[in-house]
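Scroll down for the structure; my scribbles are underneath it.
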Amino acid sequence: MPLKHRFIVLDGCEGAGKTTQLGRLAEALRAAGEHLLVTIEPGGTAIGNAVREILLSPNHAEMTPLTEIFLFCASRAQHCDEVIRPALEAGQIVLCDRFSASTFAYQGHAGGAGVELVERLDAEATRGLVPDMTIILDLPPEEGMRRKFGHGPAGDTADRIERNQIEFHRNVREGFHEYARRYARRTAVLDASVPEAKLFEAICEAIGLSKQ
Ligand code: T5A
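Numbering (this note's numbering) for the sequence shown: 284 to 495.
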């Protein structure tokens with residue numbers, strides 16, 4: 284039976300395991316005979332990748348909150364029109380690493396721009412394209428940072444957004460919970476502190492993918 288959800292997003296705080304789980308999910312769906320597009324935000328297009336460089340570079344510490352929102356939305360607008368919408372129209376399943384929930388949580392809730400502004404700009408950028416299912420991998424940010432950077436401080440390898448104080452990342456986590464409450468029918472929050480295989484089972488269940 285074809286999968287009911289065609290546009291699936293994995294989202295959540297830093298280091299929650301999105302990339303790891305997207306890899307597993309892509310493999311399972313391909314094995315089930317599905318045609319897939321696996322993509323990422325910010326990015327997913329040549330323009331989006333250029334915008335990603337600007338957004339994440341620690342050299343741009345002076346970036347204002349409004350500039351940041353517009354750049355995430357610019358990347359998304361290009362991504363939706365050039366890549367995601369055509370793939371869905373061609374009958375592919377789209378798996379995306381982060382999407383609107385990230386903008387809601389990082390720029391809207393934690394960044395202090397307000398979720399209403401973020402939602403308005405995001406709706407323009409996507410032209411109403413909404414994921415069928417957003418799965419939020421929920422993990423305390425301290426644990427996500429430990430997974431990525433070990434026990435020491437994030438240090439020189441951290442990008443501009445990872446360099447925010449831990450309090451910011453706690454607010455991001457709250458923002459994801461707020462997003463899930465707002466869009467409960469198309470969002471699932473899963474405990475990402477469990478072993479990879481167990482989390483993968485929960486993701487399959489959330490999207491209705493039966494075990495082979
Ligand atoms: N952003 C993005 C915004 O602010 N607004 C927006 O609108 C958007 C779209 C993107 C940055 O941009 C921000 C958010 C981000 O700060 P990114 O490079 O794409 O940056 O970074 P992340 O999405 O955070 O990706 P990461 O690679 O950092 O984290 P993942 O993908 O969640 O985690 P993953 O799979 O790489 O795993 C991290 C480590 O944990 C281990 C893995 O082996 C790896 O070492 N791991 C586990 N360990 C224990 N148990 C498990 N279950 C594990 N699963 C994975």
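All residues carry an ideal CB built from backbone N, CA and C; glycine is no exception.
Proximity to residue i [Cα-Cα], best of the options
i      : options                        : result
Phe382 : Leu349, Leu482, Thr322         : Thr322
Ala475 : Pro414, Ala388, Gly306, Asp294 : Asp294
Asp442 : Leu286, Glu336, Phe353, Thr328 : Glu336
Gly491 : Cys379, Lys431, Asp415         : Asp415
Ala408 : Leu371, Gly397, Phe355, Ala370 : Phe355
His362 : Met346, Ala329, Gly394         : Ala329
Glu372 : Leu319, Asp439, His392         : Leu319
Thr470 : Leu286, Lys287, Val292         : Val292
Leu473 : Glu351, Leu482, Gly458         : Leu482
Ile444 : Gln390, Arg289, Val401         : Gln390
Met428 : Leu412, Arg410, Thr417, Asn447 : Asn447
Arg468 : Ile418, Asn332, Arg453, Cys379 : Ile418
Glu297 : Val477, Tyr462, Phe451, Ala333 : Phe451
Phe290 : Asp380, Gly316, Phe353         : Asp380
Tyr462 : Ser385, Gly331, Gly327, Ala357 : Ser385
Leu420 : Glu351, Glu484, Thr440         : Glu484
Ala309 : Gly395, Ile376, Ala333, Val413 : Ile376
Leu412 : Leu305, Ile367, Ile449, Thr350 : Ile367
Arg456 : Leu305, Thr350, Ala393         : Ala393
Limits of the unbroken beta strand (DSSP E) element including residue i
i      : result
Ile291 : 290-295
Leu420 : 416-421
Range of the contiguous alpha helix (DSSP H) that encloses residue i
i      : result
Val321 : Val321 -> not in any alpha helix (DSSP H); beta strand (DSSP E) instead, spanning 319-323.
Phe449 : It should be pointed out that residue 449 corresponds to Ile in this sequence rather than to Phe. Unbroken alpha helix (DSSP H) run through Ile449: 449-465.
Thr440 : From DSSP, Thr440 is part of no alpha helix (DSSP H); its letter is neither H nor E.
Arg430 : 424-432
Leu308 : 301-314
Residue i, buried or exposed, once every other Cβ within 10 Å from all chains shown has been counted against 16
i      : result
Ala480 : exposed
Glu399 : exposed
Arg403 : exposed
Asp405 : buried
Pro348 : exposed
Ala344 : exposed
Pro369 : exposed
Arg275 : The structure shown has nothing for residue 275, since the chain only spans 284 to 495.
Pro478 : exposed
Ala314 : exposed
Lys287 : exposed
Arg465 : exposed
Pro325 : buried
Ile424 : This sequence places Pro at residue 424; Ile is not what is there. Pro424 is buried by the Cβ-count criterion.
His434 : exposed
Ser358 : buried
Ser300 : Residue identity differs from the one stated: residue 300 is Gly in this sequence, not Ser. Buried is the call here.
Gly438 : exposed
Gly331 : buried
The ligand ZN heavy atom lying under 6 Å from the CB of residue i
i      : result
Ser385 : Among the ligands present in this structure, namely the ligand T5A, the ligand ZN is not found.
Proximity test, Cβ basis, 7 Å: residue i and chain D
i      : result
Met428 : The structure shown contains no chain D; it is built from a single protein chain.
Worksheet item: In chain order, which beta strand (DSSP E) runs of at least 3 residues are fully inside the segment 467-491?
Response: Taking only runs of at least 3 residues, the beta strand (DSSP E) segments lying wholly in the segment 467-491 are 470-474.
Worksheet entry | Contiguous alpha helix (DSSP H) assignments of at least 4 residues, all confined to the segment 331-399 | Correct list: 348-362, 368-372.
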